[in-house]
Amino acid sequence: MFTELSDVEWHALRDLICDRPVRTERRGRPQVEQRTLTNAVLWVLFTGESWSKLPMQYPSVPTCRRKLNEWRESGMLDTILKRLQQSGRDISACAGQVSKPARSTPCGDTDRLRGVFWTNPASWKPPVAVR
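For the sequence shown, UniProt numbering begins at 1 and goes up steadily by one.
Set out below in structure tokens:
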């Protein structure tokens with residue numbers, strides 16, 4: 001079961017996560033509150049659930065996934081988890097999720113036929129099964 005960041009945990013992370021200056025112009029979408037975004041990313045890591053099951057109270061899936069990928073690439077995710085551990089949170093539940101790369105190929109049946117290209121009905125031929 002996932003519990004959102006406590007005030008103590010957020011205080012330990014705030015300076016690390018909220019390092020960008022606030023935008024003053026009013027163009028584009030409103031910025032997402034960083035604590036909520038952090039909770040969303042941690043929800044996926046700690047529960048092991050897919051992005052499609054992200055609760056509605058959190059920002060959009062693309063926003064959260066982009067932030068997670070950004071944190072992984074920069075190494076900041078490791079720092080965030082270390083600080084959470086120092087604050088007393090058990091991070092063993094998400095240990096395998098930290099270095100897990102984003103899925104590059106769609107999941108599904110591995111038996112499905114691949115390489116079927118149909119340019120016009122006259123050129124269609126049955127596909128060859130890949131084994």
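We treat Cβ as the ideally placed atom computed from N, Cα and C, and that holds for glycine.
- Would you mind listing the beta strand (DSSP E) stretches within the UniProt domain "Insertion element IS402-like" (5-80) that are 3+ residues and don't spill past its ends, in chain order? none
- Task: Would you tell me roughly how many angstroms separate the C-alpha atoms of Leu42 and Cys18, rounded to the nearest one?
- Result: Residue mapping note: residue 42 aligns to position 42 of the sequence shown, counting from 1. Residue mapping note: residue 18 aligns to position 18 of the sequence shown, counting from 1. If I take the Cα positions, the gap works out to 16 angstroms.
- Query: Going along the chain, which residues of its own chain have a beta-carbon closer than 7 angstroms to the beta-carbon of Ile91, five neighbours each way excluded?
  - Reply: Indexing the sequence shown from 1 puts residue 91 at position 91. Excluding positions up to five away in sequence, the list reads Leu81, Leu84 and Gln85.
- Item | Where Val44 falls, given that 16 or more other Cβ within 10 Å makes a residue buried | Translated into positions along the sequence shown, residue 44 becomes position 44. So Val44 ends up on the buried side.
- For Met1 and Met76, the rounded distance between their alpha carbons: If you number the sequence shown from 1, residue 76 lands on position 76. If you number the sequence shown from 1, residue 1 lands on position 1. Met76 and Met1 have their C-alpha atoms spaced approximately 24 angstroms apart.
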